[in-house]
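Asks:
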Amino acid sequence: MDIQAKFTVLLHRDEIDARVRRLAGEISREYRTKHPVLIGVLKGSFIFLADLIRQLDFPLDVDFIRLSSYGQGTTSAGEVRVEHALRNPIKGRHVLVIEDIVDTGITISFLLNFLEKEQPASLKLCALTDKPSRRQVPVKIDFTGFTVPDKFIVGYGLDWNEQFRHLPDICVLED
Ligand code: 5GP
Ligand code: MG
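Quick note: the sequence shown uses the working numbering, first residue 1, plus one each step.
(1) Using only the heavy atoms of the ligand ADP, determine whether one of them is closer than 7 Å to the beta carbon of T8.
(2) Count the other C-beta atoms from every protein chain shown that fall within 10 angstroms of the C-beta of E83, then say buried if there are 16 or more, exposed otherwise.
(3) Please check the pair D63 and I39, which I expect to be a contact at CB under 8 Å, by giving their CB distance rounded to whole angstroms.
(4) Looking at the unbroken alpha helix (DSSP H) that takes in G25, where does it start and where does it end?
(5) Contact between the region 127-146 and the region 17-31: three or more CB pairs below 8 Å?
(6) What first and last residue would you give for the beta strand (DSSP E) that runs through L86?
(7) Please tell me whether, using a cut-off of 7 Å, the distance from the CB of E99 to the nearest non-hydrogen atom of the ligand 5GP is below it.
(8) Helix, strand or coil for A127? Go by DSSP, reduced to three states.
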């Protein structure tokens, strides 16, 4: 299969790297003395989270949560479930959720409501990418990497049917 023909690079690895470093600076200013818990939303955020935390030189915890969002294909099921819960309580902790993309907003608003019930000291959102054109539920993104057009993107953790997460650049998947 000629996979090159199916993609256009939207965000090159160097551009992502530079943006992640700047985000890490913003996050450091906010959290340096707060010993936050960074919660990665599996699976799409794993590469972003791994790159981001290696730019943070203050105490922090890492946890993961797994939600069902898209099944197969490129449209949202509109239904969200927690499939893999947190290991440690977040009550009284400063929580920063790390997400790959906010599209309709359904997934992340469900998660933020779910986490808020655990009574964290604070709850904020960092999203690598924001696709505001398709928003159905308003979402406050505290730290945004890139605003992206209404295209289906893959790479740097983002998949299409579990494929293409390992691409180092963020690419548009052409139909
Ligand atoms: P939402 O609930 O905001 O519509 O969808 C959020 C989830 O849908 C993301 O966490 C991601 O898993 C998936 N998603 C939305 N847009 C894209 C996209 O362009 N590419 C990929 N790979 N996943 C997407
Ligand atoms: Mg996701």
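Think of the CB as a built atom: it goes at the ideal place given N, C-alpha and C, for glycine as much as any other residue.
Replies: From the atom records:
(1) With respect to small molecules bound, the structure shown includes the ligand 5GP and the ligand MG and not the ligand ADP.
(2) Along the sequence shown, one-based indexing puts residue 83 at 83. Result: exposed.
(3) For the purposes of this step, residue 63 is taken as the residue at position 63 of the sequence shown. For the purposes of this step, residue 39 is taken as the residue at position 39 of the sequence shown. Contact holds; Cβ gap of about 5 Å.
(4) Position 25 of the sequence shown holds residue 25. First-last of the alpha helix (DSSP H) with G25: R13 to Y31.
(5) yes
(6) The sequence position of residue 86 within the sequence shown is 86, counting from 1. Note, L86: premise wrong, no beta strand (DSSP E); not H, not E.
(7) By 1-based counting over the sequence shown, the position of residue 99 is 99. Indeed, a heavy atom of the ligand 5GP lies less than 7 Å from the Cβ.
(8) Against the sequence shown, residue 127 aligns to sequence position 127. Strand, per DSSP.
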